[in-house]
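2 protein chains.
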Amino acid sequence: MFKRSLVLLSTTTTTNTTKIVNPAAAATANATFNQISQKKKKTSKKQQQIFNMATSKKFMTLDTICPNVKSAQYAVRGELVIRAEALSHTLQKQKAEGSKLLPFDEIVYCNIGNPQQLKQKPLTYFRQVLSLVECPELLDNPYLDKIFPADVIGRAKQILSSINFTTGAYSSSQGIPLVLKSVAEFIERRDGHPADPNNIFLTDGASVGVQRILKLLIKDRSDGILIPIPQYPLYSATIELYNGSQLGYLLNEEKNWGLEVSELEKSYKEALAKGITPRALVIINPGNPTGQCLDRKNMEEIVEFCHKNRLVLLADEVYQENVYVKETKPFISFKKVVKEMGGDYADLEMVSFHSVSKGFVGECGKRGGYMEINGIESDIKAEIYKLASIGLCPNVTGQLVVDLMVRPPAKGEPSHDLYVKERDNIYDSLKARALLLNKALNSLEGVTCNPPEGAMYAFPQIRLPQKAVDEAKKNGKAPDAYYCIQLLEATGICVVPGSGFGQKDGTYHFRTTFLPSEEAIEGVCTKIADFHANFMNKYK
Amino acid sequence: MFKRSLVLLSTTTTTNTTKIVNPAAAATANATFNQISQKKKKTSKKQQQIFNMATSKKFMTLDTICPNVKSAQYAVRGELVIRAEALSHTLQKQKAEGSKLLPFDEIVYCNIGNPQQLKQKPLTYFRQVLSLVECPELLDNPYLDKIFPADVIGRAKQILSSINFTTGAYSSSQGIPLVLKSVAEFIERRDGHPADPNNIFLTDGASVGVQRILKLLIKDRSDGILIPIPQYPLYSATIELYNGSQLGYLLNEEKNWGLEVSELEKSYKEALAKGITPRALVIINPGNPTGQCLDRKNMEEIVEFCHKNRLVLLADEVYQENVYVKETKPFISFKKVVKEMGGDYADLEMVSFHSVSKGFVGECGKRGGYMEINGIESDIKAEIYKLASIGLCPNVTGQLVVDLMVRPPAKGEPSHDLYVKERDNIYDSLKARALLLNKALNSLEGVTCNPPEGAMYAFPQIRLPQKAVDEAKKNGKAPDAYYCIQLLEATGICVVPGSGFGQKDGTYHFRTTFLPSEEAIEGVCTKIADFHANFMNKYK
Numbered sequence: 001m002f003k004r005s006l007v008l009l010s011t012t013t014t015t016n017t018t019k020i021v022n023p024a025a026a027a028t029a030n031a032t033f034n035q036i037s038q039k040k041k042k043t044s045k046k047q048q049q050i051f052n053m054a055t056s057k058k059f060m061t062l063d064t065i066c067p068n069v070k071s072a073q074y075a076v077r078g079e080l081v082i083r084a085e086a087l088s089h090t091l092q093k094q095k096a097e098g099s100k101l102l103p104f105d106e107i108v109y110c111n112i113g114n115p116q117q118l119k120q121k122p123l124t125y126f127r128q129v130l131s132l133v134e135c136p137e138l139l140d141n142p143y144l145d146k147i148f149p150a151d152v153i154g155r156a157k158q159i160l161s162s163i164n165f166t167t168g169a170y171s172s173s174q175g176i177p178l179v180l181k182s183v184a185e186f187i188e189r190r191d192g193h194p195a196d197p198n199n200i201f202l203t204d205g206a207s208v209g210v211q212r213i214l215k216l217l218i219k220d221r222s223d224g225i226l227i228p229i230p231q232y233p234l235y236s237a238t239i240e241l242y243n244g245s246q247l248g249y250l251l252n253e254e255k256n257w258g259l260e261v262s263e264l265e266k267s268y269k270e271a272l273a274k275g276i277t278p279r280a281l282v283i284i285n286p287g288n289p290t291g292q293c294l295d296r297k298n299m300e301e302i303v304e305f306c307h308k309n310r311l312v313l314l315a316d317e318v319y320q321e322n323v324y325v326k327e328t329k330p331f332i333s334f335k336k337v338v339k340e341m342g343g344d345y346a347d348l349e350m351v352s353f354h355s356v357s358k359g360f361v362g363e364c365g366k367r368g369g370y371m372e373i374n375g376i377e378s379d380i381k382a383e384i385y386k387l388a389s390i391g392l393c394p395n396v397t398g399q400l401v402v403d404l405m406v407r408p409p410a411k412g413e414p415s416h417d418l419y420v421k422e423r424d425n426i427y428d429s430l431k432a433r434a435l436l437l438n439k440a441l442n443s444l445e446g447v448t449c450n451p452p453e454g455a456m457y458a459f460p461q462i463r464l465p466q467k468a469v470d471e472a473k474k475n476g477k478a479p480d481a482y483y484c485i486q487l488l489e490a491t492g493i494c495v496v497p498g499s500g501f502g503q504k505d506g507t508y509h510f511r512t513t514f515l516p517s518e519e520a521i522e523g524v525c526t527k528i529a530d531f532h533a534n535f536m537n538k539y540k
Numbered sequence: 001m002f003k004r005s006l007v008l009l010s011t012t013t014t015t016n017t018t019k020i021v022n023p024a025a026a027a028t029a030n031a032t033f034n035q036i037s038q039k040k041k042k043t044s045k046k047q048q049q050i051f052n053m054a055t056s057k058k059f060m061t062l063d064t065i066c067p068n069v070k071s072a073q074y075a076v077r078g079e080l081v082i083r084a085e086a087l088s089h090t091l092q093k094q095k096a097e098g099s100k101l102l103p104f105d106e107i108v109y110c111n112i113g114n115p116q117q118l119k120q121k122p123l124t125y126f127r128q129v130l131s132l133v134e135c136p137e138l139l140d141n142p143y144l145d146k147i148f149p150a151d152v153i154g155r156a157k158q159i160l161s162s163i164n165f166t167t168g169a170y171s172s173s174q175g176i177p178l179v180l181k182s183v184a185e186f187i188e189r190r191d192g193h194p195a196d197p198n199n200i201f202l203t204d205g206a207s208v209g210v211q212r213i214l215k216l217l218i219k220d221r222s223d224g225i226l227i228p229i230p231q232y233p234l235y236s237a238t239i240e241l242y243n244g245s246q247l248g249y250l251l252n253e254e255k256n257w258g259l260e261v262s263e264l265e266k267s268y269k270e271a272l273a274k275g276i277t278p279r280a281l282v283i284i285n286p287g288n289p290t291g292q293c294l295d296r297k298n299m300e301e302i303v304e305f306c307h308k309n310r311l312v313l314l315a316d317e318v319y320q321e322n323v324y325v326k327e328t329k330p331f332i333s334f335k336k337v338v339k340e341m342g343g344d345y346a347d348l349e350m351v352s353f354h355s356v357s358k359g360f361v362g363e364c365g366k367r368g369g370y371m372e373i374n375g376i377e378s379d380i381k382a383e384i385y386k387l388a389s390i391g392l393c394p395n396v397t398g399q400l401v402v403d404l405m406v407r408p409p410a411k412g413e414p415s416h417d418l419y420v421k422e423r424d425n426i427y428d429s430l431k432a433r434a435l436l437l438n439k440a441l442n443s444l445e446g447v448t449c450n451p452p453e454g455a456m457y458a459f460p461q462i463r464l465p466q467k468a469v470d471e472a473k474k475n476g477k478a479p480d481a482y483y484c485i486q487l488l489e490a491t492g493i494c495v496v497p498g499s500g501f502g503q504k505d506g507t508y509h510f511r512t513t514f515l516p517s518e519e520a521i522e523g524v525c526t527k528i529a530d531f532h533a534n535f536m537n538k539y540k
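Protein sequence lines correspond, in order, to chains B and P.
In terms of full-length UniProt numbering, the first sequence has 19 at position 19, counting the first letter as 1, and numbering is strictly consecutive.
In terms of full-length UniProt numbering, the second sequence has 374 at position 374, counting the first letter as 1, and numbering is strictly consecutive.
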């Protein structure tokens, strides 16, 4: 039911002029054409006609490429963003000409969790260390002490000695041993349970790790992966690319996007009835786009469900530092939960993902991340290693940012106080902006938005007038996509329609980050409110 | 014929203790088990027996995971390297204890083109710019002028203003516009023909680009990709991962690894006979592992072959700066060739790949690269864009290294002379080392090695005594893999067996880089010679 509502947001901007008339013939025509041109036979008029109908002048057409690529959708950078980038060019023109072509002066990219694009400052210590490791000759500069604090210099020296004094060499496939060790120690401190550096794989952001594990798990459509609805479209897109089956389980919007095991059971049974073997369960905690945080009891139920049903647990925990209800629902990792449940549960097959892109680090452009495997046999681990090797290694600078994230300056070191101040400012400000945006959204006609517990997004439900729904359908758009395009064209604010994440049939949402700066966010709220009032008025 | 010789180099280091007795039953047992446990039916004794036989305690086993992952092979970081890393740990122990556990003091990694691992220095200008863009606060440092030359400061400011003053934000999926423009201008200068920034996609190294295009091209086993034999195993591994068909065409070792169109024709016809549609032709120029450089006439034949047979041309040109026969066979890009052939050829569907990892830049750890598309319809380009979007963006530091590679300091700028000196030193030294290694290899009994025209590798043929071949087979190893393991255990020199790249049946090779430093390479040659003499003597 909810699968249908993962509406296709086509990114195709133009269509092929040589239209293929008969797609069925096209599938075999290429080979036939080749065979005949190969044999240099004279083709009959009728054969020639088939070619003219069925083959394009081009070798690659939408009918010859991998159909899974065509059907995969990724709305976070889909139609809306492509349109926003086009508008951005118009704005540049507007600026250069001093003309007024658009009713706004800038695009506000709220479509993606990209804090530094919206002016979040990187942490000083991180960048000072990077600056030095990129250019080790600075270590011999007589002004060195006047440029960088002593702990930055010490850290850079330590890193350099562990990477053969250059960031320019491939590391081992799994990652730089120093960083693997730092990550394991971080996990141990966080969870109070041992972690083994040999079970860590560094990755170019969390996405690459997720894609690798899904590749490992999926053979064909008979393998299914349970994913939340709404979900982050990396999952739906990758499952589709690898020709697997998406098994959506609905989060309960009425219960603050709560995860109910009965929904897992339902989706699981439906899969079995279709002859699909569920292989893994994806949990995004804190949720994306929904922002909910799981409590321990709920997590234990999920672990039991996985164990009972022989499912690998994929724990997407990239928002673990973005929790705004720390007092009532502090972040708990699934690794900690399985270890504390003990017995067979402790060795549950599980992969946890983390990233430098989110939290207060926000170093998206660095593409740094890691995954930790738990309970996975060594022969399967060797396959994960091989997949990592085919990609050679994660980028080294990104690996080093992981090291800095999990091992920030210690208490007493010269950079510690500044680090803490910067970190806390970012966190406090994010929390304040989340609350502000939430309040603004809830004040709109027909809009409800659950309180933000975590992550970087609001995912309000918008109840659209029937006239707007009809108008959208007339334009071949999902109703929420139609709403979001109108919002973009009117205000320059770029958000992502709920249909890109999946949503309960008949409901409409959008996802917006709360990342615009404190100076900007009130303006964003006002613009959304004005647009919304006009939109509702227009279609009432 | 040659397909069989792509011998599997298993990376599996341990085996599952819970052995699955009946793999056929195992395939369905997971689902059945789930169905029954779901229904909470009491299972019969016989059913229980099937489970005990067929299911492992673990959910993921070599029988349940994607079979393409299992069958894909990547020897460049396979068994040999895993063993080398284990030996490296022993060496550390040896050093710490002052003991002598192994007959050598260091591992020399000649398995992979990783120049900076073997002490090649990064280019000064590149790293100075990176240092500054990572830490823009340095721009306000009163000592700035004493630290960096003026052109470095100018370049950093220009880059920063184009990326919102931070390397920490996701760029657009295709890459930073400034860098796309630099790349297009570089191609224009190189080829003398226009290039469009909109046809450039930045990638995390060339590998990611290759993988994306292969994903686009391959639907299932009925789609074939023509690849050279020997080839770089990224191609064979990726085609296998995506469930396509490898169509090998043999390079002619007797003619200096020449590419003969008759071999392309042969492989193409064999594919058609099997019902496989060839979709694309991979050309690696200069060759990897073979090092040959194509001349223009040969390239024109290849373009004609693609055009006639409706094949997308994938031009792997990552070694374009590593040409040691510039006078007789300068590097010519396929883009230039198709444009100068004109007519329909000019719009041949083609993707060219380049990287910052090779040439004299050698910044492997940065994972920077680009691909240029040619003649590809906009609807297909939209699909490539979508695949890039699912990965969010290439790492920003890597993108900036691409910018530096294609736009080094200009004549007259303060950093220009040093840049030229460093560049030429690296090039001259690589060429000298290539010749030295080639001579040393050709002096060995039963070894022949074609003269190095390009790239970073020697790929000698080794004629092994029958006794050695038999001994290898007794040990379940490909004969050349057996030779390479012995070499590693005796000398610490890590090379890759020819079986990892594919080779003509009954011939044996290995690939070694010529990257050890000038001080080290003579020692490497001597060690190989001593080992080889002993090996031949032992098995004669």
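Using N, Cα and C, we set each Cβ at its ideal position, and we do this for glycine too.
CB contact flag (residue i, residue j, <7 Å)
{"i": "residue 541 (chain B)", "j": "Gly205 (chain B)", "result": "The structure shown does not extend to residue 541 (chain B), since chain B spans only 1 to 540, so no value can be given for it."}
{"i": "Pro497 (chain P)", "j": "Ala481 (chain P)", "result": "yes"}
{"i": "Leu202 (chain P)", "j": "Tyr427 (chain P)", "result": "no"}
C-alpha distance - residue i paired with residue j, whole-angstrom precision
{"i": "Gly523 (chain B)", "j": "Gly78 (chain B)", "result": "25 Å"}
{"i": "Ala27 (chain B)", "j": "Gly275 (chain B)", "result": "Reliability of the predicted coordinates at Ala27 (chain B) is poor, the pLDDT of 36 falling under 50, and the value obtained from them is presented with this limitation in mind. Between Ala27 (chain B) and Gly275 (chain B), the C-alpha separation is close to 28 Å."}
{"i": "Phe33 (chain P)", "j": "Lys336 (chain B)", "result": "At Phe33 (chain P) the pLDDT is 41, less than 50, meaning the model places this residue with poor confidence; the figure from the coordinates comes in the next sentence. Rounded to the nearest angstrom, the two C-alpha atoms are 28 Å apart."}
{"i": "Leu294 (chain B)", "j": "Asn285 (chain B)", "result": "7 Å"}
{"i": "Pro233 (chain P)", "j": "Gln211 (chain P)", "result": "12 Å"}
{"i": "Leu247 (chain P)", "j": "Lys527 (chain P)", "result": "37 Å"}
{"i": "Pro230 (chain P)", "j": "Pro409 (chain B)", "result": "49 Å"}
{"i": "Leu313 (chain P)", "j": "Cys306 (chain P)", "result": "7 Å"}
{"i": "Leu87 (chain B)", "j": "Ile384 (chain P)", "result": "22 Å"}
{"i": "Glu377 (chain B)", "j": "Leu348 (chain B)", "result": "11 Å"}
Under 8 Å from the C-beta of residue i: neighbouring residues of chain B
{"i": "Tyr324 (chain P)", "result": "What Tyr324 (chain P) touches in chain B: nothing, since even the nearest Cβ is about 22 Å away."}
{"i": "Tyr74 (chain P)", "result": "Lys386, Ser389 and Ile390"}
{"i": "Pro230 (chain P)", "result": "Residues of chain B passing the Cβ test: none, with the nearest at roughly 17 Å."}
{"i": "Glu85 (chain P)", "result": "Ser172"}
9 Å Cβ cut-off: residues of chain P touching residue i
{"i": "Thr513 (chain B)", "result": "The contacting residues do not exist; Thr513 (chain B) stays about 12 Å from chain P at best."}
Buried versus exposed, by CB contacts within 10 Å (16 or more), residue i
{"i": "His532 (chain B)", "result": "buried"}
{"i": "Ala458 (chain P)", "result": "buried"}
{"i": "Asp412 (chain P)", "result": "The sequence shown places Gly at residue 412 (chain P), not Asp. Counting Cβ neighbours within 10 Å, Gly412 (chain P) comes out exposed, since fewer than 16 surround it."}
{"i": "Glu372 (chain P)", "result": "buried"}
{"i": "Ser262 (chain P)", "result": "exposed"}
Beta-carbon neighbours of residue i, restricted to chain B and to distances below 7 Å
{"i": "Pro122 (chain P)", "result": "Thr166 and Gly168"}
{"i": "Arg77 (chain P)", "result": "Ser173 and Ser389"}
Residue i Cβ short of 6 Å to the ligand MN heavy atom set
{"i": "Tyr235 (chain B)", "result": "With respect to the ligand MN, the structure offers nothing, as it holds no ligand at all."}
Under 8 Å by beta carbon: chain P residues contacting residue i
{"i": "Tyr143 (chain B)", "result": "Tyr143, Lys146 and Ile147"}
{"i": "Pro67 (chain B)", "result": "Lys219"}
{"i": "Phe59 (chain B)", "result": "Arg279, Arg310, Leu311, Val312 and Glu349"}
Contacts of residue i in chain P (Cβ-Cβ under 7 Å)
{"i": "Arg127 (chain B)", "result": "Glu134 and Cys135"}
Where the stretch 383-417 of chain P meets chain B: residues whose CB sits under 8 Å from a CB there: Glu383, Tyr385, Lys386, Leu387, Ser389, Ile390, Gly391, Leu392, Cys393, Pro394, Asn395, Val396, Thr397 and Gly398
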